[in-house]
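Chemist: Chains as they are written, first to last, in the numbering used here: chain A, 19 to 394; chain B, 90 to 556.
Quick reminder that beta carbons are idealized off the backbone N, C-alpha and C, glycines included.
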Amino acid sequence: MSQVRTETTARRMGSLALFISTLAATGAATAELPGPHLQDGRIGYVLTERHWAIYETEDRSECPQGMNSRGSRDLFAKEYSDLSEGELSVLETRLKVEGYQYHTNTATTDIYDSLPFYEAQGDVSHGLNLDGEVDAEDYTSPDGVEGVDNQLYRALGCIAGYRKDGPYWFFENDFMINNGYNRWMIEISGVDDLVNDDEVTVTTYRGLDNLFTDATGEGFVAGGTQRVDARWGQSFIEQVQGKIVAGVLTTEPIKQAKLPWSQPGVSDGYHIFKDLQFQFQLSPKVAQGLMAGYVDVEQFNHRFRTNWAMHHQNYGQSSSASEYAALRRLADAYPDPQTGANTAISSAVEVTLTQVYILHPEEQVSSSQATEPTGF
Amino acid sequence: MYLNNFLTISLLAGSAYMLTATNAIAEAPSELDFWQSANSNEQEAYIEEELPPGIQVVATALDGPVYADAQGRTLYTWPLIALRNGSTGDRKDGASNCTDEVLRTEIGFMSPYPAGLVLPYADENVSCTQVWPPVLASADAVEVGKWSLSERADGSKQWAYDGFPLYTSNLDKKAGDVLGGTKINSGGDGGVVRVPAGPLPDIPPGFQILTSSTGRVLVNDDDYSIYYWDNDEVNTSNCVAQCLDKWTPVNAPQVAENSGDWAIIKHPSGINQWAFRGKPLYTHNNDTRPRSFDGSDVPGWHNVYTQRTVTPPDVFTVQDSALGGQVLADSRGRTIYYYSCHDDSVAQLACDHPDAAQDYRLAICGNGDPEVCLETFPYVVADANAKSESSLWSVMTINPLTGRRAEAGEEDALNVWAYRQRPVYTYGGDQEPGVTKGDSFGEFLGRRNGYKAFVLRDVFQNSQFRR
C-alpha cells in the first residue's frame, strides 16, 4: 500500500479524525494498549454498527433536484390515478411491478421510464481510493483527499431510504444487530503492538452469539464472547495481511469477500465485495472506520429485491429496478469479458466494531468434551 | 437421505484460524433425527372432550390430531388478523365473514397496492364459501363444551369451536388431509390463513408442542427445546456429575402424577424429573436461543417429538446451509423451494396450488412467461411410477406451461414431486448444494406470493418452524 493511500485513509472522516487526534493526545495510554483484550497476539472485534457511506450536507446541496420518487406508489400515482375502482386488474398493476423487479434484464420496456432518476451531485464523498488513481469520476473526501472511489454513493445518495433519516439506513443496521445471521467479526493476529505493527493478519468470521450490550440494551460493551460459526459460516471466512500505523489498521485487498447482510426471515441476504479493504482506527475496545470495495451489482440487486418488499421499497421512495438501472449505468470495475459492461461498483461502508473474545472451534470442542458424562 | 455436515479445522500460520469444508459424508436415513419410519406408530396423544354428533378426531401427518367432520374432512378456523391496511377473518364469538358473495376485486389490505384491482379469477364466479364450505349444523343441534353455534346470514347454523366458525377445505379429499393449511404463519404480510382445529395435546403444564417442518416438537413454556439421551434407561436418568454441567433435568412438581406417556421419575440428585415415553427429559444449558436443535448436535442427545413426519422420498437429501441450519434438497443437493400465495380479496384465498389461478406465480417466476419460469424455478421431476411412504409427498402430473394439472394423456406433461399437493421447485440460480439464493423470491419476501426455501433447521431465525 502506498504512502499516499495510507495518509489518505488516516484522515478520512471528520469523526474519525477527531478520534485519531484524541488518541494522539493520549499517546502514553495507547502505548499500554495490549492489556487483557490482546491475548496471544490476537484481538477480536465484532460488527456493531454499519451503514453505506453517504455524504450528506445540511442543505442537501448534493441533491439539487430533490430526492428520488421512483417507487411503485409514484408509478401508480402517475400512471393510474385517473382510473377508478374496477378498471384495472391485478395483472396489469401489482403483478406487473412485482414481476418486473425480478426480471428487469429480460423485460422489453422500463416501466419506470416516465419517472426521472436523480444521481447525487458534487465532487465530495466518503470512501477510499480503491484503484490508487485520481480520475475524473473520483471524489474528494471531506478532508480534501483526492481519488475517492464511491460510485455507489452517486447512485444512492439522493434516495431517501439510504440517508440518515431513511429506513434502509436505520433498519439495515438494526437487522445487522438483531439477526444473528449477520454476526460478522474480524480477528487480528500476530499483533505485537496495537499502535504500530508492520505485519498483522486479519481473518473474518461469522459469529454465533448475540451482541453484548450495556444496561440500556442499545450500547455495546467490549469484552463479550463470540463463538466462530465453523459449521455454516465457511463462506464468510477470509484472510488478508495488513499493518497498523499510528493506531490505524489498513489491509491489502481481499479479492472477493461475502458479507452477511440479511433481513430477519430471509435465509440468504449478503453482499459480494471485490478488492475489499479495511481502514480501521483501533483501540482496545473499538475498531472504527471504513470498509471499501467494488460491490457486485447483480448480487446487490438480488439481495435488495429479496430482502425489501415493494411495500418497504416505497418507504425509501425507490424500487429495486430503479436502483439496479443506476448501478449498472455507474458500475466502474470488473467488466464482463463477453459484453464489456462493468459488473461491480465502487462503494464504502462506515462501520464500528466492538472488541470481543473470539472462541475458536477447538476451544468449543474442548469445552463440550469436558461435559461428556463419564463413569457410568 | 444424505447429510453434509463434516468440517475439518486447520491452524494456519500467524496464529490465525481458518476453517475449510471437506467432502460430504453419507448417513443412512435411520441415523437422522428429523424423520420417523412410515411403520412407526408414534402419534400425539390428546385430551378428549365432548364432541357434537358427527365430529371426530383424525390423526394427521404434520399437524397432530385434528377435528374432522363425519366424512373425515379436517375442520379449520379463520381467526381475524390485522394486515398492513386492514383486518379480515372471523372474530371470536362473532359471525362468519366467509360469504357466498362472488369475489371480483382486491380489498387493498396488502400494502402498497390500492383496493379495487380486478382479481385474475373475477370471471369464474368464485366465492369464499365455495373454497371454504361452512360446517353446517342441523336445526336441532345443541351446543356442547367449546362447541357453539354461529348464525349465518341466511339463517343457517354453523358449528364454531372455541368461538370461531368452522369450515372444511375443498382441497381435502380424504381423512387426514390438511391441504387447506399453509406453511406460512398467519398475519403480517403472508395473508390471513386458515388454521386446522384440533384437541389440546395431552401434555403436562410447563410444556408446549410446536408444529415444525419435521414434526411436532416438544418445548418448554419459554420455547426452549426439550431433549432426551440415549445413555439413559427406561424411566431412569444416568445424567449426573459433569453431564449436569450442560444438561438440566426438567423438574416435575411434587403434586403431579403419571399420566399416559408421561411419568415422574426420581433423578439421582433427588429431584422429581419428567419422563416422556420412558425417556427422562432435559433442557440444554448451551442453547442460546429458543426452539433450538443445537443439543441434538451432541452425540447421543435428541430433540423430543410427540410425532415426527415420515421420511421424505429417497430422491431428497438434507444439506447444511450458510443460512445457519439445514434445508431439504434434491438428489444433487439443490435446495427445495415451496411456493406460497394468498390473494388480497376479502376472503384471502390461497393461490399456491395447481387448481388456483397461476397468474400470481407466473408473474414472479417469469414476468408472465412460463418458459422463463421453467428456468428460474424448475419443477422437481419425478419418475412416473415413483411412490412416497409419506402422505405429505406425492407425484403430480403438471402441464408445465400452464402450471395446472395435466389432462390424462396430455403431451409434454411433467410428473413432478409435490408436498401437500403443491409442486416443489429448485432455483436456477443455486449453483452449489445447500445454497438458498432463491429464498424470499417474490412479494413480501416470498410470504405473500413467492418462493421460500424448505428449511428444516434455522439457528439464527430461532427455528421459526416453518411448516
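1) Check Val-374 of chain A in the structure and name its three-state DSSP category.
2) Note down, in chain order, each residue of its chain lying with its Cβ closer than 7 Å to the Cβ of Gln-132 of chain B, except the 5 sequence neighbours on either side.
3) Are three or more beta carbon pairs between the region 84 to 92 of chain A and the region 121 to 133 of chain A nearer than 8 Å?
4) At 7 Å on the CB atoms, spell out the chain C contacts of Gly-117 of chain A, in chain order.
5) Excluding the five sequence neighbours on either side, which residues of its own chain have a C-beta within less than 6 Å of the C-beta of Gly-234 of chain B, listed in chain order?
6) Give the straight-line distance between the Cα atoms of Thr-111 of chain B and Gln-252 of chain A, rounded to the nearest whole angstrom.
7) On the CB-based measure, 16 or more other CB atoms within 10 Å of its CB, does Val-567 of chain B come out buried or exposed?
8) Shorter than 8 Å from the beta carbon of Asp-286 of chain A to some beta carbon of chain B?
9) Buried or exposed for Val-323 of chain B, please, with buried defined as at least 16 other CB atoms from any protein chain shown within 10 angstroms of its CB.
10) In this structure, how does DSSP classify Asn-374 of chain B when only helix, strand and coil are distinguished?
11) Between the C-alpha atoms of Ile-114 of chain B and Gln-244 of chain A, what's the straight-line distance to the nearest angstrom?
12) Asn-538 of chain B bridges to which residues according to DSSP?
13) I need the boundaries of the alpha helix (DSSP H) containing Glu-316 of chain A, first residue and last residue.
14) Using a Cβ-Cβ cut-off of less than 9 Å, list which residues of the region 263 to 291 of chain B approach chain A; keep chain order.
15) At the level of alpha carbons, what is the spacing between Arg-68 of chain A and Pro-282 of chain A?
16) Against Ser-143 of chain A, what residues of chain B qualify as contacts under a CB-to-CB distance less than 8 Å, listed in chain order?
17) What do you reckon, are the CB atoms on Leu-260 of chain B and His-442 of chain B nearer than 8 Å?
18) Pull the bridge partners of Ala-418 of chain B from the DSSP assignment, please.
19) If you count every other CB in all the chains shown that lies within 10 Å of the CB of Ala-47 of chain A, and 16 or more means buried, which is it?
20) Among the residues of its own chain, which have a CB less than 8 Å from the CB of Ser-216 of chain B, if the five just before and after it don't count?
21) Ser-143 of chain A and Tyr-98 of chain A: beta carbons closer than 8 Å?
22) Check whether the Cβ atoms of Ser-420 of chain B and Thr-406 of chain B lie closer than 8 Å to each other.
23) Let me check understanding here. Comparing Cα to Cα, which of A:Arg-224, A:Val-115, A:Gln-317 lies closest to Leu-451 of chain B?
24) Can you find a C-beta in chain B that's less than 8 Å from the C-beta of Tyr-5 of chain A?
25) On the DSSP letters alone, give me the boundaries of the alpha helix (DSSP H) that Tyr-250 of chain B sits inside.
26) Within 8 Å of any Cβ in chain A, is that where the Cβ of Val-461 of chain B sits?
27) Trp-236 of chain B and Tyr-250 of chain B: beta carbons closer than 8 Å?
28) Can you pull the chain B residues whose beta carbon is under 9 Å from the beta carbon of Gly-265 of chain A, in chain order?
29) Let's see if you can read the secondary structure: which residues bound the alpha helix (DSSP H) around Met-194 of chain A?
30) Kindly list the residues whose CB is nearer than 6 Å to the CB of Val-220 of chain A, restricted to its own chain and excluding five residues on each side of it in sequence; keep chain order.
31) With a threshold of 16 other CB atoms inside 10 Å of the CB of Gln-550 of chain B, please say whether the residue is buried or exposed.
32) Between the beta-carbon of Ile-136 of chain B and the beta-carbon of Val-281 of chain B, is there less than 8 Å?
33) Hey, is Ser-529 of chain B's beta-carbon within less than 8 Å of any beta-carbon in chain A?
34) Hey, which unbroken runs of the beta strand (DSSP E) at 3 residues or more fall wholly within the region 104 to 150 of chain A?
35) Report the three-state DSSP secondary structure of Met-485 of chain B (helix, strand or coil).
36) Name the chain B residues whose beta carbon is nearer than 9 Å to that of Gln-281 of chain A?
Modeler: With the structure as the only source:
1) strand
2) Ala-148, Gln-396
3) yes
4) The structure shown has no chain C; the protein chains it does contain are A and B.
5) Glu-138, Glu-139
6) Confidence at Thr-111 of chain B is low in this model, with a pLDDT of 32, below 50, so the placement of that residue should be treated as unreliable; the coordinate-derived value is given next. C-alpha separation (whole angstroms): 11 Å.
7) What is shown of chain B runs 90 to 556, which leaves residue 567 of chain B out entirely.
8) At least one chain B Cβ lies under 8 Å of Asp-286 of chain A.
9) exposed
10) coil
11) For Ile-114 of chain B, the predicted structure reports a pLDDT of 34, less than 50, and the residue's modelled location is therefore unreliable. A value from the coordinates is still provided. The alpha-carbon atoms of Ile-114 of chain B and Gln-244 of chain A are separated by roughly 28 Å.
12) B:Cys-430, B:Glu-532
13) 315 to 325
14) Residues of the region 263 to 291 of chain B with a C-beta less than 9 Å from any C-beta of chain A: Asp-278, listed in chain order.
15) 16 Å
16) None at all; the shortest Cβ gap to chain B is about 31 Å.
17) yes
18) B:Thr-406, B:Thr-424
19) Caution is warranted here: a pLDDT of 38 is assigned to Ala-47 of chain A, below 50, making its placement in the model unreliable, and the coordinate value is therefore given only provisionally. That one is exposed.
20) Around Ser-216 of chain B: Thr-188, Asp-189, Glu-190, Val-191, Leu-192, Ala-436.
21) Not in contact: Ser-143 of chain A and Tyr-98 of chain A (Cβ atoms no closer than 8 Å).
22) yes
23) A:Val-115
24) Only positions 19 to 394 of chain A appear in the structure, and residue 5 of chain A is not among them; the question remains open.
25) Run containing Tyr-250 of chain B: none in the alpha helix (DSSP H); it sits in the beta strand (DSSP E), 246 to 250.
26) So yes, Val-461 of chain B belongs to the interface.
27) yes
28) Neighbours of Gly-265 of chain A on chain B: none; closest Cβ ~20 Å, over 9 Å.
29) Unbroken alpha helix (DSSP H) run through Met-194 of chain A: 185 to 196.
30) Ile-204, Ile-206, Val-258, Gly-260, Thr-269
31) buried
32) no
33) yes
34) None, since the region 104 to 150 of chain A contains no complete beta strand (DSSP E) of that length.
35) strand
36) Ser-529, Leu-534
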